[in-house]
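Visitor: Residue 77 is where the sequence shown starts when you use the working numbering, and the numbers rise one by one after that. Even glycine gets a Cβ: it sits at the ideal position worked out from N, Cα and C. In this text, all values refer to a predicted model and were calculated from it rather than measured experimentally.
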Amino acid sequence: MIAQIIINTNAKELNKVFEYNVPVQMQPNIKIGSRVLVSFGRSKNLEEGFVVGFTEESEYKLKDIVKIEENEFIEEENIKLAKWMAKRYICNISDCIKLMLPPGTKTKVLENRIKEKKAKFVNLKADIDEIKENIELNKIKSEKHIRVLKFLIENGETNISELEMFTDVSKAIIKTLEKNGYIEIKEKQIERNPFLYKVMPRMSTNLKFTQEQQRAYDAIETAIEDQMNSEFLIFGVTGSGKTEIYLQIIQKVLNEGKSSIMLVPEISLTPQMVDRFVSRFGLNKIAVLHSKLSVGERFDSWNKIKSGEAKIVIGARSAIFAPVQDLGLIIIDEEHDSSYKSEMTPRYDAKIVASKIAKNKNIPLVLGSATPDISTYYKALKGDIELLELTKRANNSKLPEVEIVDLREELAKGNRSMLSTKLYEEIDINLKNGHQTILFLNRRGYSTFIMCRDCGHTIKCKNCNITMTYHLKQNKLKCHYCGYEEKPVTICPECQSQNIRYFGTGTQKLETEINKIFPNATTIRMDVDTVTKKNSHEEILNKFKNEGINILIGTQMVVKGHHFPNVTLVGVIAADSSLNIDDYRANERTFQILTQVAGRAGREKLEGKVIVQTYNPDNFAIECSRKQDYKTFYDTEIGLRKQLKYPPFCDIIVIGISGNNEQEVIKIAEKLHSYYKQRVINEKIGILLYKPLPAPIDKIKNNYRWRMIIKCLYGNQVNCLINDGLEKLYALNKSQDIRVVVDINPSNMM
Ligand code: ADP
Ligand code: ZN
Ligand code: ZN
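1. Taking a cut-off of 6 angstroms, which residues have a beta-carbon closer than that to any heavy atom of ligand 3, in chain order?
2. Our contact map puts Val478 next to Arg665 with C-beta atoms below 8 angstroms; I'd like the distance itself, whole angstroms only.
3. For the candidate residues Ala434, Leu228, Gln512, whose alpha-carbon lies nearest to that of Ile204?
4. So, helix, strand or coil for Leu548, using DSSP?
5. In terms of residue numbering, what span does the beta strand (DSSP E) encompassing Pro347 cover?
6. Identify which residue in Val673, Phe130, Arg111 has its Cα closest to the Cα of Glu148.
7. Kindly indicate the opening and closing residues of the alpha helix (DSSP H) around Ile300.
8. Put Thr497 into one of helix, strand or coil per three-state DSSP.
9. Excluding the five sequence neighbours on either side, which residues of its own chain have a C-beta within less than 6 angstroms of the C-beta of Pro770, listed in chain order?
10. May I ask you to report which of helix, strand or coil DSSP gives Ser653?
11. I want to know whether the stretch 688–699 touches the stretch 436–448 - three or more CB-CB distances under 8 angstroms.
12. Starting from Met784, follow the beta strand (DSSP E) in both directions and report where the run begins and ends.
13. Does the stretch 231–240 come into contact with the stretch 360–377, if we say contact requires no fewer than three beta-carbon pairs (one atom in each stretch) closer than 8 angstroms?
14. What number of angstroms, rounded off, separates the C-alpha of Leu365 from the C-alpha of Cys558?
15. Going by DSSP, what residue range makes up the alpha helix (DSSP H) through Asp800?
16. Mapping the DSSP letters down to three states, classify Cys555 as helix, strand or coil.
17. Nearest CA to the CA of Phe197: which residue from Glu145, Ile169, Leu177, Lys251?
18. What does the Cβ neighbour count give for Ile81, buried or exposed, with the cut at 16 atoms within 10 Å?
19. May I have the straight-line CA-CA distance separating Ile576 from Val673, to the nearest angstrom?
20. Could you have a look at Asn758 and say whether DSSP puts it in helix, strand or coil?
21. Between Ala17 and ligand 1, is there a pair consisting of the residue's CB and a ligand heavy atom that are separated by less than 7 angstroms?
22. For Arg815 versus Ser734, is the C-beta spacing smaller than 8 angstroms?
23. Taking DSSP as the reference, what is the three-state secondary structure of Asp244?
24. Closest by CA to Ser336, which one among Thr281, Ile408, Phe311, Lys489?
25. In this structure, does DSSP put Ala195 in helix, strand or coil?
26. In its own chain, which residues sit with a C-beta less than 8 angstroms from the C-beta of Ala807, not counting the 5 before and 5 after it?
27. If you draw a straight line from the alpha carbon of Arg717 to that of Pro822, how long is it in whole angstroms?
28. I want to know whether the stretch 305–323 touches the stretch 383–392 - three or more CB-CB distances under 8 angstroms.
29. With a Cβ-Cβ cutoff of 8 angstroms, do Leu339 and Ala299 count as a contact?
30. Check the C-beta distance from Thr581 over to Ser654 and give it rounded, since I have them as a contact under 8 angstroms.
31. For Met825, which residues in the same chain have their Cβ closer than 6 angstroms to its Cβ, ignoring the five residues on either side in sequence?
32. Fully enclosed by the stretch 378–466, which alpha helix (DSSP H) runs are 4 residues long or longer?
33. Quick one, which of Ile714, Ala677, Gln584, Tyr165 has its alpha-carbon nearest Ala426's?
34. What is the C-beta distance between Arg520 and Thr583, in whole angstroms, given that I count them as a contact (C-beta under 8 angstroms)?
Written out as structure tokens, the structure is:
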């Protein structure tokens, strides 16, 4: 008996399968999906692998499998899914399999350690800025020390075992850092229940549906009863009662003894949102999975799901791979959200994977949004997805009134501040009435770029070709791509002029300005700079809600799904920031963001008002969002997409080539391009193949980035074409430090 095994390394050869002999004593236990250890190549260490198939004979003399982990295997259907993903997304099967493994599987030892009730926790002792400075000044030299300190700066208090695993250092290293006074180690009880800190409210009960809700529910219920694989789109304005429908279908599935997976965008996966589910179904039946949980917590959730105790999984993108028992339903809330598409290898789209799983298992897939993805709505109109519409808010609260302010007129009037007269007045009134305000600005930091007035030189990151952003509080310039920081310049490095100016605005500057204009108002800011540690995102929102802070200032983090009854005013400082991105989805993103922000105002009895400031008041996305008119927006946008050949009429495949030697990168890009071009011509393949060009951000962390774009309807033929090209390339250039990644409809075109 011979097993075909995928080895879990980052080998460049895509999906090469290796054959190993199965010793007789292992034969009764081995199956497709078994996790095995084998010796591989010249390495002395055993490598981990997964069985993906069997054959009887081989022309080579084969090595034996060394060990089989009997209790750890992947279901055969998941191996199939991983193979399908690897082909579709042009990546390694082992990378796809990793998504399906329990958290922390990397080290056996760890599992035992994290089962202990007490554990040691590591905290920073020295001042963060001092540590950063010491790193910069080379006072801390060891790579490993730096790794540990940086991890703690990013993640805060960490269980010592988890710290060892994530930073890949030994305990001795951590002890040295303790001795040197950088960190402290304390023993504490482990609390690994992600719900533990909360007081559970009374169990809530089903609400009586409105007519529209009932109609939507009935359609999905029928599909569940008939065990049909149907896809639904619940298209309903914010507050129209989508979540109430989810709750009741999940109940229905639960009554049949089956499980449900509900995906939500990472950012809206707040305890506030999870509470609604917990108070309906109780704690035990629910498992939460997202990246802010510690490895230990994720490990517990995973087991709770695998054992069948938790029948409701709520999680971000990768929760689609949770090991649920008897899956009966998948829900994807805010289906238009870009976080469902992975921007890391494997670059899968969770919506497409969910649709595949739903088909395999013959279960319904329910998508929900107030601003559906253009491609989803297109499919719904074509009849591929059943459209279920909710046109009214469920609790009869009115949609807020949206007013557009033309910033060009403000400038003409001589108003150079970040607030138009109108927005200033409305904030003032809102403060006097004791109501809360949210201000939204899609850029963090203080100033967005720094330029020499005399020669036009802008200060860019030395590792990435991107402008540095000024952060006032630390008085530093920061690169938002690689995290590089430096002291702000006062003299132009090009022409030595002192005429250095700060341009643009970010959330930090907005907060400073608001504090100046409204000195008596309390403010709180939410962006990646203020949200770092675990739960801090939640802490800010709770503080805003419970302590009655007057004004919340934030980036798109404030946009998603939160419910603040006392917020009656939302101000959008610059609606143009998402219009000016170099991406075919600029209009769609703008419409979505504006509609979502507007949805934060006046969610209950108090009426809401939204002020949108813009330099492009005539843009149709802005105009349609003012009227909250998705359909007119869709009609215009779909026309443009068709004309310009963008999704859903065409897929966009980006083949990115990067490396630290630009000449090599160009050489490889051109080789690949000419291979594809030949095949396209010879085989008359109907695709648009563009020449390799530098990516819009052509250098990140000292890696030169080139890319080549293919526009086509992505199917088997193009899939094979791309794969063939890459295999040829790997065969020719085994040793090189060039990375080639393929991304199908990336959610970020930079
Ligand atoms: P969405 O998910 O579409 O934003 P929600 O389900 O959160 O909408 O509902 C918005 C508000 O309306 C919530 O406070 C919810 O409790 C309430 N609600 C939903 N459905 C009903 C209903 N049938 N009757 C009364 N209130 C409802
Ligand atoms: Zn200059
Ligand atoms: Zn950088």
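Guide: Walking through what the data contain:
1. Every residue whose Cβ sits closer than 6 angstroms to any heavy atom of ligand 3 is listed here in chain order: Cys537, Asn539, Cys540, Cys555, Tyr557, Cys558, Tyr560.
2. Taking the first residue of the sequence shown as 1, we reach residue 478 at position 402. Taking the first residue of the sequence shown as 1, we reach residue 665 at position 589. Cβ atoms of Val478 and Arg665 stay farther apart than 8 angstroms, at about 17 angstroms.
3. As a working note, residue 204 is residue 128 in the sequence shown. The shortest C-alpha separation from Ile204 is found at Leu228.
4. As a working mapping, residue 548 is identified with position 472 in the sequence shown. DSSP places Leu548 in coil when its eight states are reduced to three.
5. Against the sequence shown, residue 347 aligns to sequence position 271. In the DSSP assignment, Pro347 falls outside any beta strand (DSSP E) and lies within the alpha helix (DSSP H) extending over 347–357.
6. Working through the sequence shown from its first residue, we reach residue 148 at position 72. Taking only the C-alpha atoms, the option nearest Glu148 is Arg111.
7. Indexing the sequence shown from 1 puts residue 300 at position 224. That run of the alpha helix (DSSP H) goes 287–301.
8. Residue mapping note: residue 497 aligns to position 421 of the sequence shown, counting from 1. Three-state DSSP puts Thr497 in a helix.
9. Position 694 of the sequence shown holds residue 770. Excluding residues within five positions, the ones whose Cβ falls inside 6 angstroms are Trp782.
10. For the purposes of this step, residue 653 is identified with residue 577 of the sequence shown, where counting begins at 1. In the structure shown, Ser653 falls within a helical segment according to DSSP collapsed to helix, strand and coil.
11. no
12. Along the sequence shown, read from residue 1 onward, the residue named residue 784 stands at position 708. The continuous beta strand (DSSP E) containing Met784 extends over residues 779–788.
13. The answer is yes - the stretch 360–377 touches the stretch 231–240, with three or more Cβ pairs under 8 angstroms.
14. For the purposes of this step, residue 365 is taken as residue 289 along the sequence shown, with counting starting at 1. For the purposes of this step, residue 558 is taken as residue 482 along the sequence shown, with counting starting at 1. Each residue's Cα considered, the two are about 27 angstroms apart.
15. Counting from one through the sequence shown, the residue named residue 800 turns up at place 724. 792–808 is the span of the alpha helix (DSSP H), which, as asked, contains Asp800.
16. Taking the first residue of the sequence shown as 1, we reach residue 555 at position 479. Coil.
17. Along the sequence shown, one-based indexing puts residue 197 at 121. Closest option to Phe197, judged by alpha-carbon separation, among Glu145, Ile169, Leu177, Lys251: Lys251.
18. On the sequence shown, position 5 is the one that residue 81 refers to. By the neighbour-count rule (16 or more Cβ atoms within 10 Å), Ile81 is buried.
19. For the purposes of this step, residue 576 is taken as the residue at position 500 of the sequence shown. For the purposes of this step, residue 673 is taken as the residue at position 597 of the sequence shown. Straight-line Cα distance between these residues: approximately 35 angstroms.
20. Working through the sequence shown from its first residue, we reach residue 758 at position 682. Helix.
21. For residue 17 there is no data in the structure shown, the boundaries of the chain being 77 and 826.
22. Residue 815 sits at position 739 when you count from the first residue of the sequence shown. Residue 734 sits at position 658 when you count from the first residue of the sequence shown. For Arg815 and Ser734, yes; Cβs fall inside 8 angstroms.
23. For the purposes of this step, residue 244 is taken as residue 168 along the sequence shown, with counting starting at 1. In the three-state scheme derived from DSSP, where H, G and I count as helix and E and B as strand, Asp244 is classed as coil.
24. As a working mapping, residue 336 is identified with position 260 in the sequence shown. Nearest C-alpha to Ser336: Ile408.
25. For the purposes of this step, residue 195 is identified with residue 119 of the sequence shown, where counting begins at 1. The answer is strand: DSSP assigns Ala195 an E or B state.
26. Taking the first residue of the sequence shown as 1, we reach residue 807 at position 731. Here the set comprises nothing.
27. Here residue 717 refers to the residue found at position 641 of the sequence shown. Here residue 822 refers to the residue found at position 746 of the sequence shown. Rounded to the nearest angstrom, the two C-alpha atoms are 16 angstroms apart.
28. no
29. On the sequence shown, position 263 is the one that residue 339 refers to. On the sequence shown, position 223 is the one that residue 299 refers to. Not closer than 8 angstroms, so no.
30. Position 505 of the sequence shown, counted from the first residue, corresponds to residue 581. Position 578 of the sequence shown, counted from the first residue, corresponds to residue 654. Between Thr581 and Ser654, the beta carbon gap of about 15 angstroms keeps them out of contact (Cβ cut-off 8 angstroms).
31. Taking the first residue of the sequence shown as position 1, residue 825 is located at position 749. So the qualifying residues of the chain are Asp659.
32. 426–437, 450–458
33. Counted from its first residue, the sequence shown places residue 426 at position 350. Minimum Cα distance to Ala426 is reached at Tyr165.
34. Position 444 of the sequence shown, counted from the start, is the residue given in the question as residue 520. Position 507 of the sequence shown, counted from the start, is the residue given in the question as residue 583. The pair is a contact, with the Cβ atoms about 5 angstroms apart (cut-off 8 angstroms).
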